[in-house]
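2 protein chains.
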Amino acid sequence: MNIQEFFELSAGKWFSHRTSHHLAFKQSEDGKSDIVIEMLAADHPEVAKLCQQYEIDPKHASCGARVTWNGTMEWDEEKHTGSTVLVTVPNEDNPNEGKLLREMGYAEKAPVAGSYKMGSDDALTLITEYETMWSEERLWFASPNLRMRVSVLKRFGGFSMASFTSEIRMGGTPAAAKVSEAANSASS
Amino acid sequence: MNIQEFFELSAGKWFSHRTSHHLAFKQSEDGKSDIVIEMLAADHPEVAKLCQQYEIDPKHASCGARVTWNGTMEWDEEKHTGSTVLVTVPNEDNPNEGKLLREMGYAEKAPVAGSYKMGSDDALTLITEYETMWSEERLWFASPNLRMRVSVLKRFGGFSMASFTSEIRMGGTPAAAKVSEAANSASS
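For the protein sequence lines, the chains are A and B, in the order given. The opening residue of the first sequence carries number 1 in UniProt numbering; numbering runs sequentially from there. The opening residue of the second sequence carries number 1 in UniProt numbering; numbering runs sequentially from there.
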């Protein structure tokens, strides 16, 4: 699978269930969210706009996605909603690795560029460095309708959080039929 | 890393925090456990005994481990304690893959043989087939003192559960110093 295929398979509506393990406190926190992922073609205006923010020639972008979420966290009462645009800019010598441009993420309030690596095992690894934080996220598909993500967060050189997200495809795509089979068999 | 090195790095005392996502119910369940992993040499009597139960010549075993746990689950009040012996029996043509013999696991009450595969990315994948279930678990080290596990469980052909476990090394090994650094930095 290449990065475009990974984005294509990610497109759609997902129920996303995230559990964060706060390592120092030995506590976990749950978050649930509906997520919509739309694939953006490399020549989409939003892709070009994000490239320009990073002073990158838009013709080097290989694909993009808009991610919109609407969810709740366990430890507060607020609704968490938002959206971000992601754009991949592959390395010239190896399109399986490159830069990941991000409009705005869940945690950050300013644009942050990370890097991506599409593995030979079809897992996508994203690494983002912030001023005082470093995060690595691994995403993969257990099936076309079950996406998994594991991330670790380092602050000041030490691991502070590990998070796990299971994402179940929702809605009426043909592939989604298999998910309701899974759900049904689980309750039988 | 080969399978023996993975077992060696796993030896010690760990605080294990597991969260299971029950996919059909969109609910999660936490479990916390102290785990002790002792490496057993290939010629250890317990390794030989387990091989004999599976009618495998003990000389084909490459290594073994005894895992002892003592923990609690969120959804019941009972103490969960127990122990099991694991033994790896590599394939003759490729020692990175083979059988994983198991005395008794957390879920099963009878001996079950699975398979293991040590990946080029230093992750260990374990696959176990039961009568009506199939499980795949991936284990890897984020650092020598932070072990991670993700497992998926299929029942009757559909995914029913995804679990994530973060394991922090406890106690007085030299490597463990880095863990307390991580914990300290997280709370600062």
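Where a beta carbon is used, it is the ideal one built from N, C-alpha and C, also for glycine. These figures come from a predicted structure and were not determined experimentally.
* Using a cut-off of 9 Å between C-beta atoms, extract the partners of residue 193 of chain A located in chain B. => No answer is possible for residue 193 of chain A: it lies beyond the span of chain A, which begins at 1 and ends at 188.
* Asked: In chain A, which residues lie with their C-beta within 8 Å of the C-beta of B/Phe6?
  -> Ordered by position in chain A, no residue passes the 8 Å Cβ test against B/Phe6, which lies about 17 Å from the chain.
* Asked: Should B/Gly98 and B/Ser115 be called a contact, given that it needs their Cβ atoms to be closer than 8 Å?
  -> yes
* Asked: For A/Lys26, which option in A/Arg138, A/Ser160 and A/Leu153 has the closest C-alpha, if you only look at C-alpha atoms?
  -> A/Ser160
* Asked: Excluding sequence positions up to five away, which residues of its chain have a Cβ less than 7 Å from the Cβ of A/Thr128?
  -> Val112, Gly114 and Ser135
* Pick helix, strand or coil for A/Pro45, following the three-state DSSP scheme. => helix
* Could you spell out the range, first to last residue, of the beta strand (DSSP E) harbouring A/Leu139? => Met133 to Ser143
* Residues of the stretch 27 to 38 of chain B whose Cβ lies closer than 8 Å to any Cβ of chain A, in chain order -> Ser28, Asp30 and Lys32
* To do: Quick one: give me the first and last residue of the beta strand (DSSP E) that B/Leu38 is part of.
  => Leu is not the amino acid found at residue 38 of chain B; the sequence shown has Glu there. Gln27 to Leu40 is the span of the beta strand (DSSP E), which, as asked, contains B/Glu38.
* To do: Could you work out which residues of chain B lie near A/Thr72, taking near to mean beta carbons separated by less than 9 Å?
  => Ordered by position in chain B, no residue passes the 9 Å Cβ test against A/Thr72, which lies about 12 Å from the chain.
* **Coarse secondary structure for B/Leu86, derived from DSSP in three states** => strand
* Can you find a CB in chain B that lies within less than 8 Å of the CB of A/Ala113? -> no
* CA-to-CA distance, B/Ser166 to A/Arg155, given in whole angstroms -> 17 Å
* Sequence-distant residues of the same chain with beta carbon closer than 7 Å to A/Gln4, five excluded per side -> Ser62 and Cys63
* Touch check for the stretch 65 to 85 of chain A and the stretch 27 to 44 of chain A: three-plus C-beta pairs under 8 Å? -> yes
* **Amino acids of chain A, ordered along the chain, whose beta-carbon sits closer than 7 Å to that of B/Ser166** => His21, Leu23 and Ala162
* Determine which residues share a DSSP beta bridge with B/Tyr116 and list them. => B/Gly98 and B/Leu126
* Asked: Closer than 7 Å, Cβ to any Cβ of chain A: which residues of the stretch 138 to 161 of chain B, in chain order?
  -> Ala142, Ser143, Leu146, Met148, Val150, Val152, Arg155, Phe156, Gly157, Gly158, Phe159 and Ser160
* Cβ-based neighbour list, B/Leu9, same chain, cut-off 7 Å, excluding 5 preceding and 5 following -> Phe141 and Pro144
* Can you name, in chain order, every residue of its own chain whose Cβ lies under 7 Å from the Cβ of A/His44, other than the five neighbours on each side? -> Gly64
* To do: Note down, in chain order, each residue of its chain lying with its Cβ closer than 7 Å to the Cβ of B/Met133, except the 5 sequence neighbours on either side.
  => Leu153, Lys154 and Arg155
* Buried versus exposed call for A/Thr88 [16 or more other C-beta atoms within 10 Å across all chains shown] -> buried
* Asked: What are the start and end residues of the alpha helix (DSSP H) that includes A/Glu167?
  -> That residue, A/Glu167, is in no alpha helix (DSSP H); its beta strand (DSSP E) goes Gly158 to Met170.
* Asked: How would you label B/Gly158, buried or exposed, when you count the other beta carbons within 10 angstroms and need 16 or more for buried?
  -> buried
* Mind checking if A/His17 is an interface residue toward chain B, Cβ cutoff 8 Å exclusive? -> yes
* A/Leu23 - containing beta strand (DSSP E), residue span -> First-last for A/Leu23: undefined, no H or E at that position.
* Cross-strand partners of B/Met1 (DSSP beta bridge) -> Answer by DSSP bridge pairing: none, since B/Met1 is not bridged.
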